[in-house]
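A.B. asks: Pasting a structure here, questions to come.
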Amino acid sequence: MSMNNSSNVFLDPNSNRFQVNIINESHDNNETAQEDVGSDPPHYEETSFTEEAHNRLRISYRPEKRDNFLQNGEKTEASLHPYDTHTKMYYLQTFGHNTVDPVPRIDYYRNTGSVSGNKLSRPSLLEIHEQLAKNIAVSPGSVERVANGESTAGDDTAVSKEEENKTGFVKFGWVKGVLVRCMLNIWGVMLFIRLSWIVGQAGIGLGIIVIALSVVVTTLTGISMSAICTNGVVRGGGAYYLISRSLGPEFGGSIGLIFAFANAVAVAMYVVGFAETVVELLKESDRLMVDDSNDIRIIGTITVVCLLGISVAGMEWEAKAQVILLIVLLIAIVNFFIGTVIPTNNEKKARGFFNYQASIFAENFGPDFRSGEGFFSVFAIFFPAATGILAGANISGDLKDPQIAIPKGTMLAILVTTIAYIAVAICAASCVVRDATGNVNDTVVPGMSCNGSSACSLGYDFSRCASQPCDYGLMNNFQVMSMVSGFGPLITAGIFSATLSSALASLVSAPKVFQALCKDNVYKGLHFFAKGYGKNNEPIRGYVLTFVIAMAFILIAELNTIAPIISNFFLASYALINFSCFHASYAKSPGWRPAFRYYNMWVSLFGALLCCGVMFVINWWAALITYAIELFLYIYVTYKKPEVNWGSSTQALFYVNALDSALALTTVEDHVKNFRPQCIALTGGPMIRPALLDITHAFTKNNGLCICCEVYTGPRKLCVKEMNSGMAKKQAWLTKNKRKAFYAAVAADSFRDGVKSLLQASGLGRMKPNTLVIGFKKDWRNATAAQVENYVGVIHDAFDFELGMIIVRISQGFDISQVLQVQEELEKLEQERLALEATIKENDFEEGKRGICGFFRKASTLNISNISKRETKKESTIDTIQSMHVGEFNQKLLEASTQFKKKQGKGTIDIWWLFDDGGLTILIPYILTLRKKWKNCKLRIFTGGKVNRIEEEKLAMASLLSKFRIKFADVNIICDINIKPNKESWKFFEEMIEPYRLHESCKDITTAEKLKRETPWKITDAELEAFKEKSYRQVRLNELLQEHSRAANLIVLSLPVARKGIVSDYLYMAWLEILSKNLPPTLMVRGNHKNVLTFYS
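This is the structure we're talking about:
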């Protein structure tokens, strides 16, 4: 590989300052050539490259030779080219740090409220694309500071991290935070007092299947949860956070509330389990305080108070308590396994324990269901023992790295606890027979016939258990593990550990999940519980609420009824976690990129269905109650529509479905029966011309496409900035005001060019506009010639693109921007006044806290406060007077802007269908009558005809409308349209167009030609004479409209068409002006002369 050291490279005027062409010249060329032989990748050459480009040098970096390049932080002489004109520091910076264009960095992708660091703002595309000197005030070294992120935001990041370290946040790793909690929650009381009964009923074979089926549910849920929580940073909220960020606030809000409630009630369940065990011990020693029920309440209350104290003390203390409880639990389990190999005695043999025996294993392998129990009932009893896998996820906000901790800790916890369950079940069933009397004298006498049981072969006769109930054995004694264990009290300690650890985990989980739910403000009434306290943001208010709920259920002491519902609440959470994983995969969003790869969308769906099935297996009525509560909360949250945007898979699926539907629609050919008006409404900002939007929305709502369009004219940079900043705001206004319409905007050199772009490019596939709706240009006589030309040009363009045209005119006009501006200023003044009052109150409060010194200051503060309040009151009074004045001044305009929102009373919509345009003129008013606001209005039809054929033409029109199935109240044939208008009307028309006439016939030819060149937009005498009859018609039509339709609620009128290039813009505007002058709201409509109505089926 040869290197060209020619100075041409560095003196090349075309070279960019950001192209670094320096190499390490300390390397020997021969050495370099030897190193490169056989190691270089193939060289691909573009034929368009110049020879000079091929000769450019490359940066070379070799670690073993770097001492020649950097010595004491400086470049050696050999490393610098003699023609280098840049500073030394320039070459020591990493690529990308010597430009405004930054290198990739995590801080640019953080959320604004990120806990782990502050969000940095990368340079905008405008700052990089435009010339530096014009757009960025660059101080010495500022480019490097921005590129390296050494901005104010970066400094803030360092400060926030220092504060974080000072405050001492407690964060847990995957062992203490997830593994320990999940194992403690999964290993419940069931392990010690129910597992032996389950394996006695189902046998070893089916017992393992029961355990395995439960583990399948939890494993599938764990896999789905692992996929979800590795798809981005996980914050506090556990199952609620995972579901809400995946499926949206509707699902998350509904499951979050019942999941938090379930955890709160679970505290009561576990505490009552603990209290029952204590009461049993008290009964054995005859030390009851009152009676069984009240002793449970007393012990339960004391226990909950103690657990609450541990929780409120902080997560660190709670974690230490969990570790201690786990150690006790592990010792108890090991104690059981040790007990199985310790030689038994006669007392234990009489109770059915014979150590490991193959005959017992064989006898207990098959099922022996009794008392109406079956596989599913036994499964329903065991399954709650497998739950608890969300214990680690529920404190996700307190984990160092939830993305690693939750999958690793949860899956390992499932594995360890499953092995323990299966091992305990097999060991218990291999050592203990199903039935035993407990009587040491029930031994087999020589010569006595044996019933063939394993106990009989081992020397004991328990045959009477077949005819009368016995107290010992797997089927009868819940304390089998205590009997088998090496030291019985350790099993009791294990039971205490299992119950207390589960209660403690639930007591922590419920407030944490509830706090996350309240922070998101999904239920606004619960925001009070969002506040956290202390270094770990502890939800103290949530703890108190959980304590109250737990106490209530402990005092009720009817947990057997509520337990199935709680189990179903947990299962509903599992089902939604699985469904979230499936849904996110099915939506195919590019944002779904979980680091955990061992999942499958269909397996997750199977897991969700399996959870739903298990809910019904456990308790069908509890499952129905769970679904009903979840559905109610889902509907409530959907109705309230919380203002959150989490990028859920529901949003992604909406897009996919919309895209699929739009693509499917392209294959559907147009048919006249399916025609619907799809409108572009030139409203500008939709809030500026609400009446124009309202009338358009009236015939497009739930029926056709409506796009509110705005054209920005002026300097492109300013226009694009203003346009982009207002897009979301204006679409949000449409949504908030329940307008089913889209907002679109373009930046263009002129209004006409912008509209032309919109007419051609708006829409998608078959959903393309076919009708243009604009307001009448009321100020055309005061506008410039260019503005009038643009306005009329838009109408011509619409016809050129074969769109229908609707021009709407109301007496007060549409634009209420001045009113909105005044309202906005008044709102700002009101906000400033409230802020001032709040500041004064805060200062008063601070001064009042400073004792005697503050007392003397307070007097002067109060005086200032009173003066400020009087001034504020005076200002607000002035503002009120001004607003009243503005309100009175614009009252008519405001009323006109809302006239189409009001329900129209009984009246008429008069349709002057003078020209056949394909039926759009008749279809628009018909659609209006289908709306609630217009349904009381009847259609009256007016059309032209001959005097001697009035009845025939009336019957023909009535017949046509009947075939179109359009109801009408009356048909009127107007015979005198073509007569001349009266002199006053015509005089008014002539006076109106007088300022725009050329009057060339009164001037010599040279002067007339000069005027035509200078003012081509003026109306010539020849043009006026050529279209005199048409002008007569417009004036006469206005007279007829005044005569017949002055009292109508709405007039729909055929729009006259001006021939392009022949009728001048001002003459056409004069026609529209005189045609619609002094009338009720008027729609001048012209279809594209293609059928939009048909009478064929």
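So the sequence shown is numbered by the working numbering: it starts at 2 and just counts up by one.
Heads up, the beta-carbon is just placed ideally off N, CA and C, and yes, glycines get one too.
All of these numbers come straight from a predicted model, not from anything done at the bench.
Would you say the segment 981 to 995 touches the segment 949 to 962, given that touching needs at least three Cβ pairs under 8 Å?
C.D. replies: no
A.B. asks: Would Glu833 be called buried (16 or more neighbouring beta carbons within 10 Å of its own) or exposed?
C.D. replies: What you label residue 833 is simply residue 832 of the sequence shown in a count that begins at 1. Per the 10 Å Cβ criterion, exposed.
A.B. asks: Assuming the contact rule is C-beta atoms closer than 8 Å, Gly340 and Val200 should be a hit. Round their C-beta distance to whole Å, please.
C.D. replies: Translated into positions along the sequence shown, residue 340 becomes position 339. Translated into positions along the sequence shown, residue 200 becomes position 199. Rounded, the Cβ-Cβ distance is 16 Å, inconsistent with contact.
A.B. asks: What do you get for Gln516, buried or exposed, if any count of 16 or more other CB atoms within 10 angstroms of its CB means buried?
C.D. replies: Translated into positions along the sequence shown, residue 516 becomes position 515. Gln516 comes out buried.
A.B. asks: From the DSSP output, which residues share a beta bridge with Val747?
C.D. replies: Position 746 of the sequence shown holds residue 747. According to DSSP, Val747 bridges with Val712.
A.B. asks: When the distance is taken between beta carbons, is Ala699 closer than 7 Å to Leu929?
C.D. replies: Here residue 929 corresponds to residue number 928 of the sequence shown, with the count starting at 1. Here residue 699 corresponds to residue number 698 of the sequence shown, with the count starting at 1. In this structure, Ala699 lies closer than 7 Å to Leu929 by Cβ.
A.B. asks: What does DSSP give as the partner residue(s) for Phe943 in the beta ladder?
C.D. replies: What you label residue 943 is simply residue 942 of the sequence shown in a count that begins at 1. Looking at the DSSP assignment, Phe943 forms a beta bridge with Trp913 and Asn973.
A.B. asks: Please report the straight-line C-alpha distance between Arg1015 and Gln761, rounded to a whole angstrom.
C.D. replies: Residue 1015 sits at position 1014 when you count from the first residue of the sequence shown. Residue 761 sits at position 760 when you count from the first residue of the sequence shown. In the sequence under discussion, the amino acid at residue 1015 is Glu, which differs from the Arg named in the question. Those two C-alpha atoms are separated by around 33 Å.
A.B. asks: Within 10 Å of its beta-carbon, does Phe890 have 16 or more other beta-carbons around it, so buried, or fewer, so exposed?
C.D. replies: Against the sequence shown, residue 890 aligns to sequence position 889. Confidence at Phe890 is low in this model, with a pLDDT of 49, below 50, so the placement of that residue is unreliable and no value is reported for it.
A.B. asks: If contacts are defined as beta-carbon pairs under 8 Å, then Arg246 and Ser586 qualify, I think. What distance do you get, rounded to the angstrom?
C.D. replies: Here residue 246 refers to the residue found at position 245 of the sequence shown. Here residue 586 refers to the residue found at position 585 of the sequence shown. About 15 Å separates the two Cβ atoms, so there is no contact after all.
A.B. asks: Taking DSSP as the reference, what is the three-state secondary structure of Gly169?
C.D. replies: Locating residue 169 in the sequence shown gives position 168, where the first residue counts as 1. Because the pLDDT of Gly169 is 48, which lies under 50, any placement of that residue in the model is unreliable, and the question is left without a value.
A.B. asks: Cβ of Ile978 less than 7 Å from any chain C Cβ?
C.D. replies: The displayed structure is made up of one protein chain only, and chain C is not part of it.
A.B. asks: Could you give the distance in angstroms between the alpha-carbon of Val1093 and the alpha-carbon of Gly908?
C.D. replies: For this step, residue 1093 is matched to residue 1092 along the sequence shown. For this step, residue 908 is matched to residue 907 along the sequence shown. Those two C-alpha atoms are separated by around 26 Å.
A.B. asks: Measure the Cβ-Cβ separation of Phe752 and Thr701 and say whether it is below 7 Å.
C.D. replies: As a first step, residue 752 must be located in the sequence shown, where it is residue number 751. As a first step, residue 701 must be located in the sequence shown, where it is residue number 700. In this structure, Thr701 does not lie closer than 7 Å to Phe752 by Cβ.
A.B. asks: Measuring CA to CA, which of Ser502, Tyr744, Thr302 and Ile630 is closest to Glu251?
C.D. replies: In the sequence shown, the residue the question calls residue 251 occupies position 250. Of the listed residues, the one whose Cα sits closest to Glu251 is Ile630.
A.B. asks: Here's the rule I'm using: 16 or more other beta-carbon atoms within 10 Å means buried, otherwise exposed. How should Arg717 be labelled?
C.D. replies: Taking the sequence shown and counting its residues from 1, one reaches residue 717 at position 716. Under this definition Arg717 is an exposed residue.
A.B. asks: Helix, strand or coil for Tyr357 per DSSP?
C.D. replies: Counting from one through the sequence shown, the residue named residue 357 turns up at place 356. If DSSP states are grouped into helix, strand and coil, Tyr357 belongs with coil.
A.B. asks: Reducing DSSP to helix, strand and coil, say where Ser247 ends up.
C.D. replies: For the purposes of this step, residue 247 is identified with residue 246 of the sequence shown, where counting begins at 1. Here Ser247 sits in helix by DSSP.
A.B. asks: Beta-carbon within less than 7 Å of Ser1's beta-carbon, same chain only, minus the 5 sequence neighbours each way: which residues are those?
C.D. replies: The structure shown does not extend to residue 1, since the chain spans only 2 to 1098, so no value can be given for it.
A.B. asks: Which of the three DSSP states, helix, strand or coil, is assigned to Met270?
C.D. replies: In the sequence shown, residue 270 corresponds to position 269, counting from 1. Note: Met270 maps to helix in three-state DSSP.
A.B. asks: Return helix, strand or coil for Thr684, following the three-state DSSP convention.
C.D. replies: Residue 684 sits at position 683 when you count from the first residue of the sequence shown. In this structure, Thr684 counts as coil in the three-state DSSP scheme.
A.B. asks: Give me the DSSP bridge partner(s) of Glu539.
C.D. replies: Indexing the sequence shown from 1 puts residue 539 at position 538. Glu539 is bridged to Tyr534.
A.B. asks: Would you call the segment 496 to 504 and the segment 368 to 384 touching, i.e. three or more CB-CB distances under 8 Å?
C.D. replies: no
A.B. asks: Applying the criterion that 16 or more other CB atoms from any shown protein chain within 10 Å of the CB defines a buried residue, is Gly1088 buried or exposed?
C.D. replies: The residue you call residue 1088 lines up with position 1087 of the sequence shown. Burial call: buried.
A.B. asks: Can you tell me which of Tyr927, Leu1076 and Asn937 puts its alpha carbon nearest to the alpha carbon of Met993?
C.D. replies: Numbered from 1 along the sequence shown, position 992 holds the residue referred to as residue 993. Considering only alpha carbons, the answer is Leu1076.
A.B. asks: Alpha carbon to alpha carbon, what distance is there between Arg352 and Asn440?
C.D. replies: Position 439 of the sequence shown, counted from the first residue, corresponds to residue 440. Position 351 of the sequence shown, counted from the first residue, corresponds to residue 352. Distance between the alpha carbons of Asn440 and Arg352: 7 Å.
A.B. asks: Between Asn336 and Pro368, what straight-line distance do the alpha-carbon atoms span, to the nearest angstrom?
C.D. replies: Walking along the sequence shown from the start, residue 336 turns up at place 335. Walking along the sequence shown from the start, residue 368 turns up at place 367. Going from the Cα of Asn336 to the Cα of Pro368 covers about 27 Å.
A.B. asks: Secondary structure at Tyr599, three-state DSSP: helix, strand or coil?
C.D. replies: Along the sequence shown, one-based indexing puts residue 599 at 598. Note: Tyr599 maps to coil in three-state DSSP.
A.B. asks: Once DSSP output is grouped into helix, strand and coil, what is the label at Leu611?
C.D. replies: Against the sequence shown, residue 611 aligns to sequence position 610. The answer is helix: DSSP assigns Leu611 an H, G or I state.
A.B. asks: Once the 5 residues before and after Ser1002 are set aside, which same chain residues still bring their CB inside 7 Å of it?
C.D. replies: Along the sequence shown, read from residue 1 onward, the residue named residue 1002 stands at position 1001. Contacts found: Asp1022.
A.B. asks: How is the beta strand (DSSP E) around Thr772 delimited, first residue to last?
C.D. replies: The sequence position of residue 772 within the sequence shown is 771, counting from 1. Per DSSP, Thr772 belongs to the beta strand (DSSP E) from Thr772 to Gly776.
A.B. asks: Kindly give me the distance between the Cβ atoms of Arg236 and Gly398, rounded to whole angstroms, as I take these residues to be in contact under 8 Å.
C.D. replies: Within the sequence shown, numbered from 1, the residue matching residue 236 stands at position 235. Within the sequence shown, numbered from 1, the residue matching residue 398 stands at position 397. Confirmed, about 6 Å.
A.B. asks: Once the 5 residues before and after Thr873 are set aside, which same chain residues still bring their CB inside 8 Å of it?
C.D. replies: As a working note, residue 873 is residue 872 in the sequence shown. Because Thr873 sits at a pLDDT of 47, beneath the cut-off of 50, its placement in the model cannot be relied upon, and the point is left open.
A.B. asks: Are the segment 521 to 541 and the segment 577 to 595 touching, with three or more C-beta to C-beta distances below 8 Å?
C.D. replies: no
A.B. asks: Among Phe530, Leu735, Leu196 and Thr639, which has the Cα closest to the Cα of Ser483?
C.D. replies: Indexing the sequence shown from 1 puts residue 483 at position 482. Among Phe530, Leu735, Leu196 and Thr639, the Cα nearest to that of Ser483 belongs to Leu196.
A.B. asks: By how many angstroms is the C-alpha of Ala624 removed from the C-alpha of Ile244?
C.D. replies: Within the sequence shown, residue 244 is the residue found at index 243, counting from 1. Within the sequence shown, residue 624 is the residue found at index 623, counting from 1. Between Ile244 and Ala624, the alpha-carbon positions lie close to 20 Å from each other.
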